[in-house]
Amino acid sequence: MAEPIAFIDGEYIPANEAKIPILEPTFTKSDVVYDTISSTDDLIFRLDDHLDRFENSCQSMKISPPYDRNEIASILATCIDKTGYRDTCTTLMGTRGPYKDILSRDPRTCQNGLIAVSVPYYYVIPKDKAEQGVNLSIVENKRVPSESVDARVKNFNWMDLTRGLLEAYDKGGDSAILCTPDGKLSEGPGFNIWFSKDGELKTPKGNLLEGITRKTIFELATEMGIKATEIEVYPEDLRNADEAFTSTTAGAVASIIQIDGKPLGNGAPGILTGRINDLYWKKRKDGWHGTPVKSLLN
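Each step along the sequence shown adds one to the number in the numbering used here, with nothing skipped, and position 123 is 116.
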């Protein structure tokens, strides 16, 4: 029977049996970096890009998982293989680990660890809403400034994103878009933002996670002959767009048809958005940027 699988403390176990100590800073301080990698038809998408980002995040936070890159890739693949699912999302976590002394608060004394958990492929924005188009709210709650928490380091410090999401729900939105403290568009909880104007694609730059799917959209745009740039974006730029969409590992592309309850463009999923999404999935099904799970198993 297929089921989610976790790797923790050197063992593969059912994910619902995985536990961490309640005094570990991974739990008490969100002192953990992570990356989420997807697979389709047992092909892991953009493995090296994800491992590069995971390693950079670990280095930034001075976390040293007790496995090298090849071992981590093998652990990832083994988790996927043991689930029995062909389409998955797998999260790698570099954890600070337990303090050497229970009374210590010195992160340098912690024994760093690695956790991986593989589950069936899921959508940050539910698939039916992604296809029909979503209503996103540009919320008042701001993204934490990069001088405090580097958004390029994928981490569990989601207080700003969670508050933004709750604010969006209160306003009747499907999800949120957060701005930087100086009012520029940043990103949403788990996704980057794209919009088109006069046939050109644009995406915010600055205080945000430089998503792997975001990188993929740039490549697809080049293949399609569409100019794509990252620029400083303000809320009105998005509101005045011809069409817009989100990009994320978990769900790829989702059409944005409303901002704060008001129609964006013609109020329907955009033609360009659909073309990008179709090409993305076609190329993935054809094995583009794919690493076979079986090739990484020991």
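Backbone N, C-alpha and C define an ideal beta-carbon position, used for all residues, glycine too.
None of these values were measured; they are calculated from a predicted model.
If you draw a straight line from the Cα of residue 167 to the Cα of residue 207, it is about 21 Å long. In this structure, the beta-carbon distance from residue 56 to residue 98 does not fall below 8 Å. Per DSSP, residue 211 lies in no beta strand (DSSP E) segment; the continuous alpha helix (DSSP H) that holds it begins and ends at 205 to 217.
Straight through space, the alpha carbons of residue 46 and residue 176 are spaced by roughly 27 Å. In the three-state scheme derived from DSSP, where H, G and I count as helix and E and B as strand, residue 141 is classed as coil. Boundaries of the beta strand (DSSP E) harbouring residue 106: 106 to 113, taken from the DSSP string. Minimum Cα-Cα distance from residue 146 among the listed residues 53, 230, 41 and 154 corresponds to 53. Below 8 Å, enough C-beta pairs join the segment 230 to 248 and the segment 178 to 196 to call them touching: three or more. By the Cβ neighbour-count rule, residue 21 is exposed, with fewer than 16 other Cβ atoms within 10 Å of its own. Here the segment 124 to 135 makes contact with the segment 144 to 164; the two share three or more CB pairs at distances below 8 Å. Where residue 154 is concerned, the enclosing alpha helix (DSSP H) starts and stops at 152 to 163.
By the Cβ rule, the segment 135 to 143 does not count as touching the segment 101 to 118, because fewer than three pairs are nearer than 8 Å. Per the DSSP secondary-structure output, residue 280 pairs with nothing in a beta bridge.
Using a 10 angstroms sphere on the CB of residue 221, the tally of other CB atoms reaches 16 or more, which defines it as buried. Annotated three-state conformation of residue 117 is coil, per DSSP. Residue 229 carries a helical assignment under DSSP once its states are collapsed to helix, strand and coil.
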